[in-house]
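Per my numbering, the sequence shown starts with residue 9, numbered consecutively.
For reference, the structure is listed below as C-alpha cells.
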Amino acid sequence: MLLATKPTMERPRRVILNTDACNEIDDQMAIVHALLSPELKVTGIIAAHYGTKKHANSMERSYQEILRLLALLGMQNNVPVLKGSAVALTDPKVPQKSEGAEFIIEQALAKNETDPLYVAYLGPLTDMASAYLMESNISQNLVTLWIGGGWWPTGGPEFNAGNDWISADVLLQSDIPLVQYPRGTYRMMRLGVAEMERFIMGKGAIGDYLTSLFKEWGVKRPFPRQWWVYGDSPTIGTMINPNWGFYVSLPAPHLTERLEYKHEPTKRMIEVCLEVTAGEIFNDFFKKLDAFAKNL
9 MLLATKPTME RPRRVILNTD ACNEIDDQMA IVHALLSPEL KVTGIIAAHY
59 GTKKHANSME RSYQEILRLL ALLGMQNNVP VLKGSAVALT DPKVPQKSEG
109 AEFIIEQALA KNETDPLYVA YLGPLTDMAS AYLMESNISQ NLVTLWIGGG
159 WWPTGGPEFN AGNDWISADV LLQSDIPLVQ YPRGTYRMMR LGVAEMERFI
209 MGKGAIGDYL TSLFKEWGVK RPFPRQWWVY GDSPTIGTMI NPNWGFYVSL
259 PAPHLTERLE YKHEPTKRMI EVCLEVTAGE IFNDFFKKLD AFAKNL
C-alpha cells in the first residue's frame with residue numbers, strides 16, 4: 009500500500025500541496041489541516057488553475073488565496089508558494105511549464121532526501137503531468153494523491169478531471185505511483201453548520217475565515233443548505249493516518265474526453281481509495297485547530 013507507513017512527528021511525511029484554492033471552500037480547510045499537522049512536512053504549495061469558465065485568471069486567484077491563508081495563520085514566511093500552470097494540457101506529450109512543475113522535479117530528485125515525496129492534488133493534475141513529461145525519473149521517489157475522477161468503475165462528469173482530462177490520462181498511463189480519491193469517496197466528507205459553529209468558528213482569525221466562507225457558499229446561497237462537502241480533506245487525513253481510508257489496487261483505466269473510464273488489459277496498477285472515515289479526519293482537524301488557537 010502506497011500510504012502504508014504512518015508518519016510521526018519525528019519523521020514526518022514530505023508533502024507538496026497543489027491546490028485550486030480559490031475555486032470554492034474545501035481547499036482552504038485541507039491546506040490549513042496540512043499546515044497544522046506535525047506529521048506532515050509541507051515543503052511547498054503550488055497554485056493550480058480551475059479552468060477558465062469561472063475566471064480567466066483562476067491560477068492567479070488560487071495563488072492569492074494561498075497567500076491569504078498563510079497570512080491568517082501567521083505562516084507567510086514558513087512555506088514557499090509557487091505558481092502552477094494557468095491552463096490545462098492540450099497535447100499529452102507537451103508539458104505546460106511552470107515554476108510549480110519545476111519545483112516538483114527539484115524536490116523529487118533532491119539527492120539529500122531518501123523518503124518519498126507525496127504530492128497531493130486538490131484540483132487538476134496539470135502540473136504533475138507536466139513535471140512528468142519534463143522529467144520522467146521523478147516517478148522513482150514520488151507518490152501522487154489525487155482528488156478527482158468520477159465514480160468507479162464507470163467515471164462520468166467530475167470537476168477536477170474535467171478541468172484537465174488529458175493530464176489525468178497522462179498520469180493514469182504513467183509509472184508514477186498514484187492514489188485516486190474519486191467522486192464517490194470525497195463526497196463522504198460532509199460537514200454541517202452546527203459542527204462548523206462549534207469546532208471552527210472563533211478559533212482565531214483562520215477559524216473565523218473558514219466559517220465566513222462556509223456561510224457565504226452554503227447558508228447564503230439562493231437555495232441554502234446546512235452542510236458542505238469538504239472533498240479535498242481525504243488526501244490530508246489519509247497521509248496523516250492511512251487507516252482512515254480503505255484502498256483497493258486496480259488496473260489503471262484510460263480517461264476519455266467524456267470523463268469516462270475506459271478499461272483495457274494493462275499491467276499498470278493504481279490504488280483507489282473507496283472509503284474514508286470522515287469523522288476521524290474532521291476530529292483530527294478540530295483538535296489541531298483548537299490547539300493552534302489556544303496558543304495565539
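Cβ atoms here follow ideal geometry from the backbone N, Cα and C, with glycine treated the same way.
Quick caveat: nothing in here was measured; it's all calculated off a predicted structure.
Checklist entry - Taking Cβ positions, are L180 and H262 nearer each other than 8 Å? => result Taking the sequence shown and counting its residues from 1, the one referred to as residue 180 is at position 172. Taking the sequence shown and counting its residues from 1, the one referred to as residue 262 is at position 254. A contact, by the Cβ cut-off of 8 Å.
Next on the checklist: Would you say A94 lies against chain B (beta-carbon separation less than 8 Å)?
Outcome noted: Looking for chain B here will not work: only one protein chain is present.
Item to check | Every unbroken alpha helix (DSSP H) within the region 184–269, with a cutoff of 4 residues, ordered by chain | outcome: Listed in chain order, the complete alpha helix (DSSP H) runs (minimum 4 residues) inside the region 184–269 are 191–194, 201–207, 212–222, 241–248.
Item to check | Environment of G131 [buried if 16+ CB atoms lie within 10 Å] | outcome: Along the sequence shown, one-based indexing puts residue 131 at 123. By the 10 Å Cβ count, G131 comes out buried.
Next on the checklist: Quick check on DSSP: helix, strand or coil for L282?
Outcome noted: Here residue 282 refers to the residue found at position 274 of the sequence shown. L282: strand per DSSP, three-state reduction.
Item to check | Separation of S106 from E283, as counted between CA atoms | outcome: Taking the sequence shown and counting its residues from 1, one reaches residue 283 at position 275. Taking the sequence shown and counting its residues from 1, one reaches residue 106 at position 98. Our two residues, E283 and S106, have alpha carbons roughly 33 Å apart in a direct line.
Item to check | Of the listed residues P20, A139, Q36, nearest to T122 (C-alpha basis) | outcome: Looking up residue 122 in the sequence shown gives position 114. For the set P20, A139, Q36, the Cα lying nearest the Cα of T122 is the one of P20.
Checklist entry - Of the residues E203, N291, E166, which one's Cα is nearest the Cα of T264? => result Residue numbering aside, residue 264 sits at position 256 when the sequence shown is read from its first letter. Here the closest residue by C-alpha is E166.
Checklist entry - When DSSP builds the beta bridges, which residues end up paired with L133? => result One-based indexing of the sequence shown puts residue 133 at position 125. Answer is none; L133 lacks a bridge partner.
Next on the checklist: I need the boundaries of the beta strand (DSSP E) containing W154, first residue and last residue.
Outcome noted: Within the sequence shown, the letter at position 146 stands for residue 154. DSSP places W154 inside the beta strand (DSSP E), whose first and last residues are 150–155.
Checklist entry - Run through DSSP, which three-state label would R19 get? => result Against the sequence shown, residue 19 aligns to sequence position 11. Coil, per DSSP.
Next on the checklist: Spatial neighbours of A29 within its chain, please: C-beta separation below 6 Å, excluding the five flanking residues on both sides.
Outcome noted: In the sequence shown, counting from the first residue as 1, residue 29 sits at position 21. Correct list, in chain order: D35, S70, E73, I74.
Next on the checklist: Please state whether the Cβ-Cβ distance between E47 and V187 is less than 8 Å.
Outcome noted: Mapped onto the sequence shown, residue 47 falls at position 39. Mapped onto the sequence shown, residue 187 falls at position 179. No. Outside cutoff.
Item to check | Contiguous alpha helix (DSSP H) assignments of at least 4 residues, all confined to the region 12–69 | outcome: Listed in chain order, they are 34–43.
Checklist entry - Between which two residues does the alpha helix (DSSP H) harbouring V95 extend? => result The sequence position of residue 95 within the sequence shown is 87, counting from 1. Per DSSP, V95 lies in no alpha helix (DSSP H) and is assigned neither H nor E.
Item to check | Pairwise C-alpha distance: G245 and N339 | outcome: Nothing about residue 339 can be reported from this structure: the residues present for the chain run from 9 to 304 only.
Checklist entry - Based on Cα-Cα distance, which residue from E68, W160, T16 lies nearest to V256? => result Locating residue 256 in the sequence shown gives position 248, where the first residue counts as 1. Taking only the C-alpha atoms, the option nearest V256 is W160.
Next on the checklist: Shorter than 7 Å, the distance from the beta carbon of R266 to the closest heavy atom of the ligand ATP, or not?
Outcome noted: The model depicted lacks the ligand ATP and carries no ligand whatsoever.
Checklist entry - Out of M17, L25, V178, which has the shortest C-alpha to C-alpha gap to Q104? => result Within the sequence shown, the letter at position 96 stands for residue 104. Looking at the Cα atoms, V178 is the closest of the given residues.
Checklist entry - Using the C-alpha atoms, what's the distance from R206 back to L97? => result Against the sequence shown, residue 97 aligns to sequence position 89. Against the sequence shown, residue 206 aligns to sequence position 198. If I take the Cα positions, the gap works out to 42 Å.
Checklist entry - Start and end of the alpha helix (DSSP H) containing D177? => result What you label residue 177 is simply residue 169 of the sequence shown in a count that begins at 1. Start and end: 173–180.
Next on the checklist: Assuming V23 and A55 are in contact, meaning their beta carbons sit under 8 Å apart, how far apart are those beta carbons, in whole angstroms?
Outcome noted: Here the question's residue 23 lines up with position 15 in the sequence shown. Here the question's residue 55 lines up with position 47 in the sequence shown. About 16 Å separates the two Cβ atoms, so there is no contact after all.
Next on the checklist: Starting from N85, trace the alpha helix (DSSP H) in both directions and tell me its first and last residue.
Outcome noted: For the purposes of this step, residue 85 is taken as residue 77 along the sequence shown, with counting starting at 1. Element bounds for N85: n/a, residue is neither H nor E.
Checklist entry - What's the C-alpha gap between F300 and G163? => result The residue you call residue 300 lines up with position 292 of the sequence shown. The residue you call residue 163 lines up with position 155 of the sequence shown. Each residue's alpha carbon lies about 39 Å from the other.
Next on the checklist: For a test of the three-state rule: what should DSSP assign to M142, helix, strand or coil?
Outcome noted: Counting from 1 along the sequence shown, the entry for residue 142 is found at position 134. Three-state DSSP puts M142 in a helix.
Checklist entry - From which residue to which residue does the alpha helix (DSSP H) around E114 run? => result Here residue 114 refers to the residue found at position 106 of the sequence shown. First-last of the alpha helix (DSSP H) with E114: 107–116.
Item to check | Neighbourhood of H41 by C-beta, 6 Å cutoff - its chain only, sequence neighbours within 5 removed | outcome: Within the sequence shown, numbered from 1, the residue matching residue 41 stands at position 33. The answer, listed in chain order, is I244, F293.
Next on the checklist: If I follow the unbroken alpha helix (DSSP H) through N303, where does it start and stop?
Outcome noted: Within the sequence shown, the letter at position 295 stands for residue 303. Looking at the DSSP string, N303 is not in any alpha helix (DSSP H), and its letter there is neither H nor E.
Next on the checklist: Please report the straight-line C-alpha distance between F231 and W225, rounded to a whole angstrom.
Outcome noted: Here residue 231 corresponds to residue number 223 of the sequence shown, with the count starting at 1. Here residue 225 corresponds to residue number 217 of the sequence shown, with the count starting at 1. Rounded to whole angstroms, F231 to W225 spans 10 Å at the Cα level.
Checklist entry - First and last residue of the alpha helix (DSSP H) that includes G170? => result Start at 1 with the first residue of the sequence shown, and residue 170 comes out as number 162. Where G170 is concerned, the enclosing alpha helix (DSSP H) starts and stops at 167–170.
Next on the checklist: Using C-beta distances below 7 Å, list every residue in its chain close to H63, excluding the 5 sequence neighbours before and after it, in chain order.
Outcome noted: For the purposes of this step, residue 63 is taken as the residue at position 55 of the sequence shown. If we look at H63 and ignore the five residues flanking it on each side, its Cβ neighbours are R69.
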